[in-house]
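Visitor: With the first letter of the sequence shown counted as 1, position 331 gets the number 330 in numbering that gives the first Met the number 0; the numbers rise by one all the way through. Quick one: the structure is below, and I'll ask about it shortly.
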Amino acid sequence: MSNLWDFLSIRTEVGDDGKITVDTSGILADDVGPFVNQLFAVLNSLKIIARKDGANVYNLYNPPMPTAAGMRALERKLKEAVFREIFPATANLAITHKCQCKCRHCSADPFIDPSRKELTTQEIKTVVDDALELGASIVIYTGGEPTLQPDLPELIDYVDKTKAVPMIFTNGARLSEEGYVDQLAAAGLNAINISIDHADPEKHNAYRKVSGLWEKAMEGGQRARDAGILVGISTYATHDNVADGSLEKLVEITIEKGFNEITIFDCIPSGRFLQQTDLILTPDEREKAIDLYNRYHEDKDCPIGVVVMAKVNSPEGAGCFGAYAQFYMTAYGDINPCDFNPISFGNVREMPIGLIWNRMRSHPDFKIHHKTCRMQTPSYRAKYIDPLPPGVKLPVPIDVIDKMSAAAKK
Numbered sequence: 000m001s002n003l004w005d006f007l008s009i010r011t012e013v014g015d016d017g018k019i020t021v022d023t024s025g026i027l028a029d030d031v032g033p034f035v036n037q038l039f040a041v042l043n044s045l046k047i048i049a050r051k052d053g054a055n056v057y058n059l060y061n062p063p064m065p066t067a068a069g070m071r072a073l074e075r076k077l078k079e080a081v082f083r084e085i086f087p088a089t090a091n092l093a094i095t096h097k098c099q100c101k102c103r104h105c106s107a108d109p110f111i112d113p114s115r116k117e118l119t120t121q122e123i124k125t126v127v128d129d130a131l132e133l134g135a136s137i138v139i140y141t142g143g144e145p146t147l148q149p150d151l152p153e154l155i156d157y158v159d160k161t162k163a164v165p166m167i168f169t170n171g172a173r174l175s176e177e178g179y180v181d182q183l184a185a186a187g188l189n190a191i192n193i194s195i196d197h198a199d200p201e202k203h204n205a206y207r208k209v210s211g212l213w214e215k216a217m218e219g220g221q222r223a224r225d226a227g228i229l230v231g232i233s234t235y236a237t238h239d240n241v242a243d244g245s246l247e248k249l250v251e252i253t254i255e256k257g258f259n260e261i262t263i264f265d266c267i268p269s270g271r272f273l274q275q276t277d278l279i280l281t282p283d284e285r286e287k288a289i290d291l292y293n294r295y296h297e298d299k300d301c302p303i304g305v306v307v308m309a310k311v312n313s314p315e316g317a318g319c320f321g322a323y324a325q326f327y328m329t330a331y332g333d334i335n336p337c338d339f340n341p342i343s344f345g346n347v348r349e350m351p352i353g354l355i356w357n358r359m360r361s362h363p364d365f366k367i368h369h370k371t372c373r374m375q376t377p378s379y380r381a382k383y384i385d386p387l388p389p390g391v392k393l394p395v396p397i398d399v400i401d402k403m404s405a406a407a408k409k
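So, in structure tokens, the structure goes:
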């Protein structure tokens, strides 16, 4: 990405109330100044869930503002408006498929292929460089279990904090190890999302088939918070936990623990459950999940953020992020629209991220912003998921899918 700041200067100041005032100058000020003011007006309307190094944290999926990485995220939005091109905000990178858990619902399990070699640390660093060059301002390390990649602190440290902030999604097992969280904090880890399947510790541990995991994860979350790392809980809405109130109980646990945010994903038919569309929430269940957002996140007295993907991925929200605001990489280097979508557009060992991103963005079915989660949309699944034969190796290259579609039309 070329340097927009050669033509535009933005000065910001954070008031005692957390509101950010902004002043623009430079050649482009008259043209883009109103757009900048509008973006900051939106920010100033949002709930602040934390303050970090004097900057506002609105959610864990964007850099704090105003920071160098946050302003770079703003630059990406400006360039999209000026050049009418889409650049990824988030690089979601699996850095290993190793894991202590044997989750019955694992979304990454079908990607595991013992015959393939995982990317080396140096190869991952190259991907990070290319992702930042494209404009990403969030680098998420995931897995498998990213803490089982021995060079995770080095990879966190490698992210240029003037351009992006690093986050991990983790089962939390290693966070309770003495000194481990301190290593992550020293490397500059901005945020941790701990995956919790249920408010009941015994049910969570049973789902993951690891005794005591819930307790270790919660202890590790406390250590991370004490070390200055932003901490969130990542979970999902199901038929059962929406009906029995245990999803809301997990929101209350997040508040009690003093964590910063909870993300509630939809239960998506993917991974081991790829063909189980009966898992998709009903419209009524989605509304009940959205009601949690309305009651907790919009409550100014509630100290945490509540991110409900039933709202975020809807036409009233941001729609589908896959191939639009993010990409996902398997630990072998395959690039998919998102971690739930098993369609690959290339491998980083064969071509750089920029070319793969352009290939994804130029595909007829992916260049248009999808208004709903693709993996929950019947028309998308009918074309890309339903035709996949049982036991097929995932991810499936887009060329294979396109050939299947062409053959079906004859």
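C-beta atoms are modelled at their ideal positions from N, C-alpha and C, and glycine is treated no differently.
1. For Y383, which beta-bridge partners are listed by DSSP?
2. At the level of alpha carbons, what is the spacing between I334 and P396?
3. Compare the Cα-Cα distances from I232 to each of G304, R348, N293 and T281 and report the closest residue.
4. Does the region 89-96 touch the region 140-150, meaning 3 or more C-beta pairs lie closer than 8 Å?
5. Have a look at R173 and D181 and give me their C-alpha separation to the nearest angstrom.
6. Between K412 and A135, what straight-line distance do the alpha-carbon atoms span, to the nearest angstrom?
7. Shortest alpha-carbon distance to W356 belongs to which of V31, P282 and D129?
8. When we look at the beta-carbon of T253 and count the other beta-carbons within 10 Å, is it buried (16 or more) or exposed?
9. Just grab the DSSP bridge partners of R260 for me.
10. If you check the beta carbons only, do N259 and L278 fall under 8 Å apart?
11. With H, G and I counted as helix, E and B as strand and the rest as coil, what does DSSP make of E218?
12. Could you tell me which whole beta strand (DSSP E) segments of length 3 or greater appear in the region 19-60?
13. Counting C-beta neighbours from all protein chains within 10 Å, is the total for K402 16 or more, i.e. buried, or is it exposed?
14. Under 8 Å, with one C-beta from each stretch per pair, do the region 305-317 and the region 277-296 reach the 3-pair mark?
15. For S378, which of helix, strand or coil comes out of DSSP?
16. Look at the Cβ atom of A242, then the Cβ atom of A288, and state whether they are nearer than 8 Å.
17. Less than 8 Å between C-beta atoms, sequence neighbours within five positions excluded: which residues of the same chain meet that for P200?
18. If I'm right that N61 touches A54 with Cβ under 8 Å, what's the distance once you round it to whole angstroms?
19. For T161 and I85, I'd like the C-alpha separation in whole angstroms.
20. Look at I9 and T23 and say whether their C-beta atoms are less than 8 Å apart.
21. Which residues in the same chain have their Cβ closer than 6 Å to the Cβ of E284, if we skip the five residues on either side of it in sequence?
22. Okay, do the region 149-168 and the region 200-211 touch, 3+ Cβ pairs below 8 Å being the bar?
23. Excluding sequence positions up to five away, which residues of its chain have a Cβ less than 7 Å from the Cβ of G25?
24. Should E74 be labelled buried (16 or more other beta-carbon atoms within 10 Å of its own) or exposed?
25. In chain order, what residues of the same chain lie with their CB nearer than 7 Å to the CB of L387, ignoring the 5 residues before and after it?
26. Between the Cα of G418 and those of D225, F339 and V35, spot the shortest distance and give me the residue it belongs to.
27. Out of R360, G332 and P336, which one is the CA nearest neighbour of V347?
28. On the criterion of 16 or more Cβ atoms from any shown chain inside 10 Å, does D265 qualify as buried, or is it exposed?
29. Looking at the strands, I want to know which residues DSSP matches up with D333.
30. What residues match up with I195 in a beta bridge as DSSP calls it?
31. DSSP three-state label for S313, please.
32. In whole angstroms, give me the CA-to-CA distance for S404 and P351.
33. List the endpoints of the continuous alpha helix (DSSP H) containing R207.
34. Apart from the five residues just before and just after Q148, which ones in its own chain have a Cβ nearer than 6 Å to its Cβ?
35. What is the DSSP secondary structure of L147, reduced to helix, strand or coil?
36. Using only the alpha-carbon positions, how far apart do M70 and D150 sit?
Guide: Based on what the coordinates show:
1. Its beta-bridge partners do not exist; DSSP assigns none.
2. 10 Å
3. G304
4. yes
5. 12 Å
6. Residue 412 is absent from the structure shown; the chain starts at 0 and stops at 409.
7. D129
8. buried
9. Reading off the sequence, residue 260 comes out as Glu, not Arg. Bridge partners of E260: G231 and G304.
10. no
11. helix
12. 19-24, 49-51 and 54-56
13. exposed
14. yes
15. helix
16. no
17. W213 and E214
18. Not a contact, Cβ separation roughly 11 Å.
19. 21 Å
20. Yes; because the gap between Cβ atoms is below 8 Å, this pair is in contact.
21. V241
22. no
23. F6, L7 and S8
24. Buried is the call here.
25. V395
26. The first residue shown for the chain is 0 and the last is 409, placing residue 418 beyond what the model contains.
27. G332
28. buried
29. N346
30. Answer is none; I195 lacks a bridge partner.
31. coil
32. Roughly 27 Å separates the two Cα atoms.
33. P200 to R207
34. I94 and T95
35. helix
36. 29 Å
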